[in-house]
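At position 294 of the sequence shown the residue is numbered 1787 (our numbering), and the sequence of numbers has no breaks. For reference, the structure discussed in these notes is given below.
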Amino acid sequence: MALVSLLDVSLSFGGAPLLDRVNLQLDRGERVCLVGRNGAGKSTLMKVIAGELNPDDGQVFRQAGAVFSTLRQEVPAGLTGTVQTVVEGEGGSYDEHNDWERHDRVERLLEQMGLPPGHEFAALSAGQKRRVLLARGLVEDPQLLLLDEPTNHLDLESIQWLEEFLLAWGGALLFVTHDRTFLRKLSTRIVEIDRGKLVGWACDYDTFLVRKEAVLEAEEVERAQFDKKLAQEEVWIRRGVKAQRSRANNRIHALEKMRAERAARRDRTGKATITAQEADRSGFKVIACEAAGFRYQPGSSRGDEAVARGSTTDSLLASAATGKSERWIVRDLTTRIERGDKIGIVGPNGAGKTTLLRLLLGQLAPQAGTVEQGTRLEIVYFDQLRAQLDETMRVQDAVADGNATVTINGRTRHVISYLEDFLFEPARARTPVKALSGGERNRLLLARLFTKPANVLVLDEPTNDLDAETLELLEDLLVEFGGTVLLVSHDRAFLNEVCTSLLVLEGGGKISEYIGGYDDWQREAAAVAAATPAGSEEASRGPARERGESPAAHAAGYVKPRKPTNRERMELEALPKKIEALEAEQVELTKRLADPLFFRKPAVEVTRATARLHEIEAEVATAYARWAELGA
1494 MALVSLLDVS LSFGGAPLLD RVNLQLDRGE RVCLVGRNGA GKSTLMKVIA
1544 GELNPDDGQV FRQAGAVFST LRQEVPAGLT GTVQTVVEGE GGSYDEHNDW
1594 ERHDRVERLL EQMGLPPGHE FAALSAGQKR RVLLARGLVE DPQLLLLDEP
1644 TNHLDLESIQ WLEEFLLAWG GALLFVTHDR TFLRKLSTRI VEIDRGKLVG
1694 WACDYDTFLV RKEAVLEAEE VERAQFDKKL AQEEVWIRRG VKAQRSRANN
1744 RIHALEKMRA ERAARRDRTG KATITAQEAD RSGFKVIACE AAGFRYQPGS
1794 SRGDEAVARG STTDSLLASA ATGKSERWIV RDLTTRIERG DKIGIVGPNG
1844 AGKTTLLRLL LGQLAPQAGT VEQGTRLEIV YFDQLRAQLD ETMRVQDAVA
1894 DGNATVTING RTRHVISYLE DFLFEPARAR TPVKALSGGE RNRLLLARLF
1944 TKPANVLVLD EPTNDLDAET LELLEDLLVE FGGTVLLVSH DRAFLNEVCT
1994 SLLVLEGGGK ISEYIGGYDD WQREAAAVAA ATPAGSEEAS RGPARERGES
2044 PAAHAAGYVK PRKPTNRERM ELEALPKKIE ALEAEQVELT KRLADPLFFR
2094 KPAVEVTRAT ARLHEIEAEV ATAYARWAEL GA
């Protein structure tokens, strides 16, 4: 018997129905991923299944005695107490009438999930809170888990733990996720919600993407043919009916039916178009660190302010867990970030990723060593908490600060038209921000940030809640972006596609650098670990990039050849044109500097030209080296 069945269920909130006579059955042991665009109704459907929303029409059948537990996108307001009391929920006081098996489950889950029982829930990071709420749901020993973006705010280790836990868990699972690696590992079936309808896909995610594209193309052709036929019939009726009455009546009835079908049809919103507004390019050096360090000292106003600023990511939990009077967040960091680098920052929750970002950007002063920012930096910052959005404002006002137009790359556009590029229909653009789903808010924040010229994009968990289509567009934008990107993310596929190198926070202030994305990091770390005896001097020295060596050279002989990623293929294809343009500029500058009359110009112009020539020489050398590396 099915755990839950939906029969012709419909639900609307005044506009087009979010659920339009949908049918669905979930059986024991299934792991079903619910996919669809932001705002399509995924969270609404999960609330109907959980019994938190009643449909306008249709029936919902739930197996008698079956327990359903839900993990939502947002942390519920008003939860207080220690971690243990929150996990225990309403069954927290145990006596002879209580379920001692439930008490054992609480203890076991706290240990398995690495949760400190005595810590105050309110003081935890967002990721720690989600782990606590997941434990709270599992305590009920549910037959069906409903997970809405379960990987949001979790670090990589926690995500991998969750994957293994859910794969071993025997219950049924319905989940929504933006994490494509998580989806690929877990789902046994995909259900898509599109314009109010549910469609089941008995295939893996990559096959689904191919088949879905084919379905949309066929739908587009079919609807174009229908619209052409309807237009012809409208022309016929306007010219007047001249055929026999019976034939004419049949044709008129057919036309009326076509009109009704066209009126009821829900066309798919066009594809998103995301464009960043690039500022004048920065200097070649963006950030340079030399033995830089920063530590949190409890009780100091400086340390408290630093942690408070990044409290959602750099958890108080981590500093308390050390049991020491101070904690190094960054220690002895030496690195150089140059224009065009795409740097991923990864590490456990509480390790200090947001603090590292602030240190790199000059918002925090190093307590050891030096951190230097380059020249002509125009920085745009994406905040994972979306604090830059005013909940009370309309969507269009939040983007344009109340103005009717925005200027993108020198072109003035009406804000409604601009928002359509980010899949906000005109009616949606006039709604308040507080009415948006999590994914819509992220899209709105991207739309707002990309109105500002930038040559450095700083993105703190930008992928949370985004649908697959928007994620891929954002990936393409960042790969093609001519400036520098600093990216905090736990999305493994996203890191693979975008990043040219990673800064990995390994605890105790140690930060190691690896060339490439997530998979490259895992391969090199595994190769070094396998090839280096435990406790040896080589093991203690860390990864190759940390010692100034080429990771690729260091790992030669240990790493199997691999296919280049999409990002690497795109980069390789673009390099010849980039080198050609640089060399053309180099020739032009050399000619100018060879002309004695040029030195009669203002000293500032001469200095700028000379500095630019040195920059080009370095860029050309770097580009040739990268070309050789990618083409090997």
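Built from N, CA and C at the ideal position, the CB exists for glycine as well.
Which residue from the options puts its Cα closest to that of residue i?
i	options	result
residue 1623	1566, 1782, 1906	1566
residue 1841	1717, 1981, 1855	1981
residue 1784	1865, 1730, 1851, 1740	1865
residue 2100	2112, 2111, 2085	2085
residue 1958	1526, 1933, 1942	1933
residue 1684	1523, 1780, 1652, 1660	1523
residue 1466	1979, 2076, 1631	The requested residue 1466 is not part of the displayed model; the chain covers only 1494 to 2125.
residue 1720	1887, 1751, 1600	1751
residue 1657	1647, 1664, 1678	1678
residue 1517	1716, 1532, 1686, 1608	1686
Taking buried to mean at least 16 other C-beta atoms within 10 Å of its own C-beta, is residue i buried or exposed?
i	result
residue 1987	buried
residue 1793	At residue 1793, the pLDDT of 49 sits below 50, so the modelled position is not reliable; the number obtained from the coordinates is stated separately. With fewer than 16 Cβ atoms within 10 Å of its Cβ, residue 1793 is classed as exposed.
residue 1545	exposed
residue 1730	exposed
residue 1634	exposed
residue 1643	buried
residue 1938	buried
residue 1935	buried
residue 1875	buried
residue 1983	buried
residue 2117	exposed
residue 2024	exposed
residue 1728	exposed
residue 1742	exposed
residue 1660	exposed
residue 1843	buried
residue 2090	exposed
residue 1722	exposed
residue 1732	exposed
residue 1860	buried
residue 1868	exposed
Kindly list the residues whose CB is nearer than 7 Å to the CB of residue i, restricted to its own chain and excluding five residues on each side of it in sequence; keep chain order.
i	result
residue 1714	none
residue 1515	1499, 1502, 1690, 1691
residue 1579	1572, 1614, 1625, 1629
residue 2014	1995, 1997, 2007
Quick one: Cα of residue i to Cα of residue j, how far?
i	j	result
residue 2126	residue 2123	Nothing about residue 2126 can be reported from this structure: the residues present for the chain run from 1494 to 2125 only.
residue 2107	residue 1774	15 Å
residue 1724	residue 1537	37 Å
residue 1495	residue 1676	23 Å
residue 1519	residue 2069	53 Å
residue 2008	residue 2082	32 Å
residue 1761	residue 1961	16 Å
residue 1895	residue 1553	44 Å
residue 1680	residue 1581	29 Å
residue 1802	residue 1847	Unreliable placement is indicated for residue 1802, whose pLDDT of 38 sits below 50; no coordinate value is reported for it.
residue 1745	residue 1897	45 Å
residue 1941	residue 1890	10 Å
residue 1821	residue 2005	15 Å
residue 1950	residue 1836	10 Å
residue 1674	residue 1620	19 Å
residue 1906	residue 1786	45 Å
residue 1653	residue 2012	14 Å
residue 1778	residue 1829	8 Å
residue 1525	residue 1825	46 Å
residue 1755	residue 1845	55 Å
residue 1510	residue 1929	16 Å
residue 2121	residue 1682	42 Å
Once you ignore the five residues that flank residue i on each side, which residues in its own chain have a CB closer than 6 Å to its CB?
i	result
residue 1563	1543, 1639
residue 2061	2123
So, for residue i: in the same chain, excluding its five sequence neighbours on each side, which residues have a beta-carbon less than 8 Å away from its beta-carbon?
i	result
residue 1771	1902, 1946, 1947, 1948, 1974, 1975, 1976
residue 1539	1527, 1563, 1639, 1641, 1667, 1669
residue 1560	1633, 1634, 1635, 1636, 1637
residue 1920	1508
Please decide whether residue i counts as near chain E, where near means a Cβ-Cβ distance under 9 Å.
i	result
residue 1839	Chain labels in this structure do not include chain E; a single protein chain is all it has.
- Inter-stretch contact (C-beta, 8 Å, three-pair minimum) for the stretch 1981-1998 and the stretch 1964-1972: As far as the Cβ criterion goes, the stretch 1981-1998 touches the stretch 1964-1972, which means the pair count is three or higher.
- Assess, as a yes-or-no matter, whether the stretch 2082-2102 is touched by the stretch 2060-2067 under the definition of 3 or more beta carbon pairs within less than 8 Å. With a cut-off of 8 Å, the stretch 2082-2102 and the stretch 2060-2067 do not count as touching, because too few Cβ pairs lie within range.
- Message: For the pair the stretch 1662-1670 and the stretch 1637-1645, tell me if three or more CB-CB distances fall below 8 Å.
- Response: yes
- Message: Does the structure place the stretch 1556-1575 close enough to the stretch 1610-1619 that three or more beta carbon pairs sit under 8 Å?
- Response: In short, these stretches touch, since the Cβ pair count reaches three.
- Three or more C-beta pairs closer than 8 Å, one from the stretch 1908-1928 and one from the stretch 1847-1867: is that the case here? Touching, no.
- Inter-stretch contact (C-beta, 8 Å, three-pair minimum) for the stretch 1697-1711 and the stretch 2002-2021: no
- Do the stretch 1695-1702 and the stretch 1990-2007 make contact, defined as three or more Cβ pairs closer than 8 Å? no
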